[in-house]
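Working notes, structure below.
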Amino acid sequence: MTSLVIPLFNARELGRKIALKSDKQLADVEVRKFPDREVYFRVDSSVKGNDIILVQSGYPGPNHALVETLLAADTCKDNGAKSITLVMAYMPYARQDTRFKKGEAFSLQAVAKLLLGAGVEKLITIDAHNWAEYGEMDLHGLKNLNISAGKLLVEHLMKKHKIEKVHILSPDMGASKLVEEAAKAKGAEFSALNKERKGDFEVSMTGKLDVKGKDVIILDDIISTGRTMLLALEKVKEAGAKRVFLAGVHGIFGWGSLEKLKKKADDLVSTDSIENEASEVSLAGEVAGVI
Ligand code: R5P
31 MTSLVIPLFN ARELGRKIAL KSDKQLADVE VRKFPDREVY FRVDSSVKGN
81 DIILVQSGYP GPNHALVETL LAADTCKDNG AKSITLVMAY MPYARQDTRF
131 KKGEAFSLQA VAKLLLGAGV EKLITIDAHN WAEYGEMDLH GLKNLNISAG
181 KLLVEHLMKK HKIEKVHILS PDMGASKLVE EAAKAKGAEF SALNKERKGD
231 FEVSMTGKLD VKGKDVIILD DIISTGRTML LALEKVKEAG AKRVFLAGVH
281 GIFGWGSLEK LKKKADDLVS TDSIENEASE VSLAGEVAGV I
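The sequence shown lines up with residues 31 to 321 when you count with the numbering used here.
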């Protein structure tokens with residue numbers, strides 16, 4: 031019996047790195063789309079009696095990624111896998127983690143139920159959006175371990191730019207736990223702004239900043255349209271910071287935001303939960319340590 035890492039489409043590279051770091055075998059898989067865009071999945075290694083680790087990311091194409099994951103888990107279960115763990119580097123459908131309005135889909139609960147039904151026994155997430163805590167928890171019946179990559183991003187920037195003393199800023203209250211964890215790990219000072227979202231592309235921010243003459247890292251879980259980072263960056267510059275670095279665990283970088291933010295900040299980095307030009311920090315080591 032052995033452990034087998036199965037890399038799914040959006041996390042092909044990350045899956046390979048996790049297998050390497052954890053000294054586990056990598057399975058051969060075939061993933062493609064039928065002409066009508068349905069997903070085809072086949073695992074070309076024996077899964078029978080093995081502990082299976084599926085590695086996936088929910089971006090791009092969260093729907094495709096989800097269906098591919100369900101097909102992979104169900105196939106492994108049917109073929110006699112001993113256990114199935116899913117590493118979801120960027121957790122899709124995490125935003126709708128409750129019914130904010132009557133009649134809305136409780137998307138996160140629905141996804142958890144689907145994964146459970148397909149045979150996933152344990153879900154490993156990285157700074158999943160809106161999770162208030164890190165560690166082991168129950169996600170609508172699914173065993174979940176949520177870990178943080180904040181420390182890795184901060185360490186990377188500090189080393190790369192020879193930052194000795196840093197102030198870590200959360201651009202909103204939602205990311206304050208992530209920022210607090212990273213700051214405590216590095217013995218750094220930290221603070222948070224208050225953000226109000228008025229629409230997908232419109233945000234406003236309030237809060238006092240004590241960053242004059244300091245090196246600041248603005249750390250968030252997701253950079254999507256980039257509006258949050260852009261506004262926080264402007265506020266930090268107005269408050270007289272020496273240098274401003276941006277770090278997002280999950281870099282979606284839509285609407286040309288990567289280029290825009292890069293021009294305005296001293297540096298911009300993300301992890302490889304979503305592969306992009308800024309994903310300088312790999313999650314492989316952290317994940318290998320918990321599987
Ligand atoms: C939301 O609360 C998250 O923590 C991020 O701040 C948000 O997803 C960033 O989105 P955007 O880049 O579109 O402002």
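By construction, the Cβ of each residue, glycine as well, lies at the ideal position given by its N, Cα and C atoms.
As the structure is a computational prediction, the values presented were derived from the model and not from experiment.
Within the region 159-242, the complete alpha helix (DSSP H) runs of at least 4 residues fall at 180-190, 206-216. Distance from the CA atom of L44 to the CA atom of S87, rounded to whole angstroms, is 9 Å.
Short note on S309: C-beta not closer than 7 Å to any heavy atom of the ligand R5P. For E307, same chain residues with a beta-carbon under 7 Å away, outside a window of 5 residues either side, are L288 in chain order. Around the beta-carbon of E98, 16 or more other beta-carbon atoms lie within 10 Å, marking it buried. S309 has S300 as its beta-bridge partners, per DSSP.
Counting the other CB atoms within 10 Å of its CB gives N93 a total below 16, which places it among the exposed residues. A straight line joining the alpha-carbon of K195 with that of M188 spans about 9 Å. For the ligand R5P, no non-hydrogen atom lies closer than 7 Å to the CB of H186. Not one heavy atom of the ligand R5P lies closer than 7 Å to the C-beta of M235.
A direct Cα-to-Cα measurement between V317 and I193 gives close to 26 Å. Counting the other CB atoms within 10 Å of its CB gives A140 a total below 16, which places it among the exposed residues. Scanning G284, V246, L239 for the CA closest to the CA of R257 turns up G284. Relative to the ligand R5P, the beta carbon of G281 is positioned no closer than 7 Å to any heavy atom.
In the structure shown, the three-state DSSP call for P122 is coil.
If you check the C-beta of I248 against the ligand R5P, you find no heavy atom less than 7 Å away.
Within its own chain, the residues whose Cβ lies closer than 8 Å to the Cβ of E185, once the five positions on either side in sequence are excluded, are K216, listed in chain order. Within the same chain, Cβ atoms closer than 6 Å to the Cβ of V77 are found at C106, N109, A111, the five residues on either side in sequence being excluded. In this structure, the C-beta of D127 stays at least 7 Å away from each heavy atom of the ligand R5P.
DSSP places T155 outside any alpha helix (DSSP H); the residue lies instead in the beta strand (DSSP E), whose first and last residues are 152-156.
Around the beta carbon of D240, a 10 Å sphere encloses fewer than 16 other beta carbons of the protein chains shown; the residue is thus reported as exposed. The alpha-carbon separation between S200 and Q126 amounts to approximately 21 Å. Contact between I247 and I282 is absent: CB atoms are separated by about 19 Å, not below the 8 Å threshold. Annotation for A205 indicates a beta carbon within 7 Å of some heavy atom of the ligand R5P. Distances taken from the Cβ of P201 to the heavy atoms of the ligand R5P include one shorter than 7 Å. Exposed is the label assigned to D74, since fewer than 16 other Cβ atoms lie within 10 Å of its Cβ. Residue state for T258 is assigned as helix, using DSSP reduced to three classes. Distance from the C-beta of G256 to the nearest heavy atom of the ligand R5P is below 7 Å.
A213 and A95 have their C-alpha atoms roughly 33 Å apart. Residue state for V61 is assigned as strand, using DSSP reduced to three classes.
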